[in-house]
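If you count by this note's numbering, then the sequence shown holds residues 7 to 109, one letter each, in order. For each residue, glycine too, the CB sits at the ideal point set by N, CA and C.
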Amino acid sequence: MIVLIGWIEIRLPYAHSLKEKRKTAKSLTARLYQRHNASVREIASQNLHQMLVLGLCYTALSETEAQHAAHEMEKTIWRTIESEGELLKFETELLLPGFSEDY
Numbered sequence: 007m008i009v010l011i012g013w014i015e016i017r018l019p020y021a022h023s024l025k026e027k028r029k030t031a032k033s034l035t036a037r038l039y040q041r042h043n044a045s046v047r048e049i050a051s052q053n054l055h056q057m058l059v060l061g062l063c064y065t066a067l068s069e070t071e072a073q074h075a076a077h078e079m080e081k082t083i084w085r086t087i088e089s090e091g092e093l094l095k096f097e098t099e100l101l102l103p104g105f106s107e108d109y
C-alpha cells in the first residue's frame, strides 16, 4: 500500500468573502473525491478569504498508480479553478508504511 499526501495552495483573487471561498473549497473537494476518491480538507488559512490551503490523502496499490493519480488530481484542480483562482502550490509525497510480516 502506498499513501499519497499532498499540500495544495490556491490564490482566489476574486473571492470577496469567506462564503465565496468556501463555495470554491466545497466544489473542489467534492470533485476530487468524486473523480479520484481522495480525502481533501482545508488545513490552513481558514480566515483568509483569498487563500485556500488544502491537504489531501489518497491510497494506491503501487507507486505508479499514486504518481498517475497525483498528475490527474492536479489537472482536475486546474480545470476546477481555472476562472476563479491560481494554483500556487501542488506538492505531493509518497509514504510507504511498514507492515510486520504478521499481515
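- According to the DSSP secondary-structure assignment, residue 79 is paired through a beta bridge with no residue.
- Separation of residue 29 and residue 36 (C-alpha to C-alpha, rounded to the nearest whole angstrom) is 11 Å.
- Under the DSSP assignment, residue 50 falls in the beta strand (DSSP E) whose first and last residues are 45-50.
- Within the same chain, Cβ atoms closer than 6 Å to the Cβ of residue 62 are found at 12, 44 and 46, the five residues on either side in sequence being excluded.
- Burial state of residue 87 is buried, judged by a 10 Å Cβ sphere holding 16 or more other Cβ atoms.
- Nearest to residue 66 by alpha-carbon distance, out of 33, 102, 48 and 18, is 102.
- Excluding five sequence positions before and after residue 42, the CB atoms of its chain that fall closer than 8 Å to its own CB belong to 64, 75, 78, 79 and 82, given in chain order.
- When DSSP states are grouped into helix, strand and coil, residue 26 belongs to the helix group.
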